[in-house]
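*Asks:* Numbering (the numbering used here), first residue to last: 4 to 110.
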């Protein structure tokens with residue numbers, strides 16, 4: 004949360020947060036797709052740019068659109084003395100796999 008980011012900045016904690024931003028609550032959207040005939044309520048989000056939000060708090064922000072640039076952003080973020088946020092926009096939504104039944108042990 005932004006409060007935790009604020010704490011990391013104040014205490015100079017070298018924290019790297021990676022946000023895979025799909026602009027929705029994907030798990031909830033999958034449930035609404037399956038059980039409510041794709042009648043979506045409250046799952047599509049309008050988010051701020053999380054890299055910019057990090058900068059407002061005094062952390063380093065990265066916005067990475069190309070997969071080939073992820074490694075450089077992570078390497079640089081890990082070298083910092085304080086916190087950073089790497090935002091990666093991803094496809095808006097894709098259906099989640101069906102949950103495993105309780106007690107199946109992943110089989």
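Just so you know, even glycine gets a beta-carbon here, dropped at the ideal spot from N, CA and C. Since the model is a prediction, treat every value here as computed from it, not as a measurement.
At 4 residues or longer, what runs of the alpha helix (DSSP H) sit wholly inside the stretch 54-104?
*Replies:* Whole alpha helix (DSSP H) segments, 4+ residues: 73-81.
*Asks:* Could you tell me whether the Cβ atoms of residue 62 and residue 82 are closer together than 9 Å?
*Replies:* Translated into the one-based positions of the chain shown, residue 62 becomes position 59. Translated into the one-based positions of the chain shown, residue 82 becomes position 79. No.
*Asks:* Going by DSSP in three states, residue 173 sits in which element: helix, strand or coil?
*Replies:* This structure leaves residue 173 out entirely; the chain is present only between 4 and 110.
*Asks:* Within 10 angstroms of the Cβ of residue 53, are there 16 or more other Cβ atoms? Answer buried if so, exposed if not.
*Replies:* Position 50 of the chain shown, counted from the first residue, corresponds to residue 53. The residue is buried, with at least 16 neighbouring Cβ atoms inside 10 Å.
*Asks:* Where does residue 91 land, buried or exposed, given buried means 16+ other C-beta within 10 angstroms?
*Replies:* For the purposes of this step, residue 91 is identified with residue 88 of the chain shown, where counting begins at 1. Residue 91 should be labelled buried.
*Asks:* By Cβ distance, which residues of its chain are closer than 8 Å to residue 48, with the 5 residues on each side in sequence left out?
*Replies:* Mapped onto the chain shown, residue 48 falls at position 45. Excluding positions up to five away in sequence, the list reads 26, 27 and 28.
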